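Residue numbers (the working numbering): 504 to 784.
Have a look at this one:
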């Protein structure tokens, strides 16, 4: 049976190396190969220079890419000895090229931002683009990843359209022997009696518990808890990210690109740990 690879992108930055380390550990847990990719693009303005200058700059850019590959592959081998690791150079606009490299992969793992000597392999814009457009789950690694809390958090917006996010979150929790915390937000009327507000929140909690019972039966080894919050789910998930190994959120096809007030935008910009963005099928 062919096992889908995990794909991790590197640009040589510390952020991208943390992404490679996370992906290598995940490859061990899933028994999957690891593919490390890197995309470079010679800036268009170089095309206005004489050919020898363009060739020299292109050589330096590709040399830096090769050094990034070497560092990433060495780290992966140290973290996950025995895991099959290959490196694949990409061409074309980095955001689109890296995003496309995740097609058919178990997941695409990226740093939240990246820098290099030239500034042309930066992953910050790449991670944002991939989180909005990739066809596979996208893991954006924020902050240090060494601490283990043994908890996975999942944000649930629409109770009727969250199966993909829940499936990923429960599988991660099961693989890593972690508990799962599900957070759902209810938006309450601005003007209402306290009793009505409590009833709305209680009804949402009951529906959430019923939904989670189905997944408890599929993953009996995963301890599950829930919280129904008032207002913005993003704030609760950012808070949870301080004590969770991973926060999982969904991406609906109707809203691929998040606005400034969206849950995805808030969590990707402010979470204190890794975030997984799961496209709806």
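No residue lacks a Cβ here, since even glycine has one placed at the ideal position from N, Cα and C.
This structure is a prediction, so every number in the text was calculated from the model and none was measured.
Problem set entry | Inter-residue spacing [alpha-carbon to alpha-carbon] between residue 584 and residue 524 | In the chain shown, the residue the question calls residue 584 occupies position 81. In the chain shown, the residue the question calls residue 524 occupies position 21. Cα-Cα distance, rounded: 12 angstroms.
Exercise. Taking three-plus beta-carbon pairs below 8 angstroms as touching, is the region 592 to 600 in contact with the region 736 to 751?
Worked result: No, the region 592 to 600 is not in contact with the region 736 to 751.
For this session: Look at residue 725 and residue 676 and say whether their C-beta atoms are less than 8 angstroms apart.
Result: Against the chain shown, residue 725 aligns to sequence position 222. Against the chain shown, residue 676 aligns to sequence position 173. Yes, they are a contact pair.
Exercise. Going by alpha carbons, who is nearest to residue 669 out of 616, 774, 782?
Worked result: Your numbering for residue 669 matches position 166 in the chain shown. Of the candidates 616, 774, 782, the one whose C-alpha sits nearest the C-alpha of residue 669 is 782.
Exercise. Whose CA, out of 639, 638, 515, 663, lies closest to the CA of residue 578?
Worked result: For the purposes of this step, residue 578 is identified with residue 75 of the chain shown, where counting begins at 1. That would be 515, whose Cα lies nearest to the Cα of residue 578.
Problem set entry | Beta-carbon proximity check, residue 574 vs residue 611, cutoff 8 angstroms | Locating residue 574 in the chain shown gives position 71, where the first residue counts as 1. Locating residue 611 in the chain shown gives position 108, where the first residue counts as 1. Cβ atoms of residue 574 and residue 611: not closer than 8 angstroms.
For this session: Express the C-alpha separation of residue 684 and residue 727 in angstroms, rounding to a whole number.
Result: Stepping through the chain shown from its first residue, residue 727 is reached at position 224. Stepping through the chain shown from its first residue, residue 684 is reached at position 181. Between the alpha carbons of residue 727 and residue 684 lies a gap of roughly 6 angstroms.
For this session: Go ahead and label residue 748 buried or exposed: buried means 16 or more other beta carbons lie within 10 angstroms of its beta carbon, across all protein chains shown.
Result: For the purposes of this step, residue 748 is taken as the residue at position 245 of the chain shown. With 16 or more other Cβ atoms inside 10 Å of its own Cβ, residue 748 counts as buried.
For this session: With DSSP as the reference, label residue 573 as helix, strand or coil.
Result: Along the chain shown, one-based indexing puts residue 573 at 70. In the structure shown, residue 573 sits in a helix (DSSP, three-state: H, G or I).
For this session: Could I get the ranges of all uninterrupted alpha helix (DSSP H) runs contained in the region 694 to 730, with 4 residues as the minimum, in chain order?
Result: Fully enclosed alpha helix (DSSP H) runs of 4 or longer: 697 to 721.
For this session: Return the first residue and the last residue of the beta strand (DSSP E) that residue 614 is part of.
Result: For the purposes of this step, residue 614 is taken as the residue at position 111 of the chain shown. 610 to 614 is the extent of the beta strand (DSSP E) around residue 614.
For this session: State the Cα-Cα distance for the pair residue 626 and residue 530, rounded to the nearest angstrom.
Result: Counting from one through the chain shown, the residue named residue 626 turns up at place 123. Counting from one through the chain shown, the residue named residue 530 turns up at place 27. Because the pLDDT of residue 626 is 44, which lies under 50, any placement of that residue in the model is unreliable, and the question is left without a value.
Exercise. Taking just the CA atoms, how far does residue 563 sit from residue 657?
Worked result: Walking along the chain shown from the start, residue 657 turns up at place 154. Walking along the chain shown from the start, residue 563 turns up at place 60. Cα-Cα distance, rounded: 43 angstroms.
Problem set entry | residue 645 - DSSP class collapsed to helix/strand/coil | For the purposes of this step, residue 645 is identified with residue 142 of the chain shown, where counting begins at 1. Under the three-state reduction of DSSP output, residue 645 falls in the coil class, being neither helix nor strand.
For this session: Would you mind giving the Cβ-Cβ distance between residue 771 and residue 608, rounded to the nearest angstrom? I have them listed as a contact below 8 angstroms.
Result: Taking the first residue of the chain shown as 1, we reach residue 771 at position 268. Taking the first residue of the chain shown as 1, we reach residue 608 at position 105. With 8 angstroms as the limit, residue 771 and residue 608 do not qualify as a contact, their Cβ atoms being about 20 angstroms apart.
Problem set entry | DSSP-derived helix/strand/coil call for residue 587 | Residue 587 sits at position 84 when you count from the first residue of the chain shown. Looking at residue 587 - three-state DSSP - the assignment turns out to be coil, as it is neither helix nor strand.
For this session: Verify whether the separation of the beta carbon atoms of residue 538 and residue 589 is less than 8 angstroms.
Result: Taking the first residue of the chain shown as position 1, residue 538 is located at position 35. Taking the first residue of the chain shown as position 1, residue 589 is located at position 86. Yes.
Problem set entry | Check whether residue 766 and residue 736 have beta carbons under 8 angstroms apart | By 1-based counting over the chain shown, the position of residue 766 is 263. By 1-based counting over the chain shown, the position of residue 736 is 233. Remark: C-beta atoms of residue 766 and residue 736 approach each other more closely than 8 angstroms.
For this session: Could you tell me how far apart the beta carbons of residue 512 and residue 540 are, in whole angstroms, since I believe they sit closer than 8 angstroms?
Result: Here residue 512 is taken as the residue at index 9 of the chain shown, counted from 1. Here residue 540 is taken as the residue at index 37 of the chain shown, counted from 1. At roughly 5 angstroms, the Cβ-Cβ gap stays under 8 angstroms, so residue 512 and residue 540 are in contact.
For this session: Buried or exposed for residue 606, please, with buried defined as at least 16 other CB atoms from any protein chain shown within 10 angstroms of its CB.
Result: Position 103 of the chain shown, counting from 1, holds the residue named residue 606. Note on residue 606: under 16 other CB atoms within 10 angstroms of its CB, so exposed under the neighbour-count rule.
Problem set entry | Reference residue 717, options 673, 628, 604, 661, closest by Cα | Against the chain shown, residue 717 aligns to sequence position 214. Considering only alpha carbons, the answer is 673.
Problem set entry | Alpha carbon of residue 587 to alpha carbon of residue 686, nearest angstrom | Mapped onto the chain shown, residue 587 falls at position 84. Mapped onto the chain shown, residue 686 falls at position 183. Distance between the alpha carbons of residue 587 and residue 686 is about 36 angstroms.
Exercise. Counting along the chain, where does the alpha helix (DSSP H) carrying residue 773 start and finish?
Worked result: Mapped onto the chain shown, residue 773 falls at position 270. Counting along the chain, residue 773 sits inside the alpha helix (DSSP H) bounded by residues 766 to 773.
Exercise. DSSP state of residue 592, grouped into three classes?
Worked result: By one-based count along the chain shown, residue 592 stands at place 89. DSSP places residue 592 in the strand class (E or B) of the three-state scheme.
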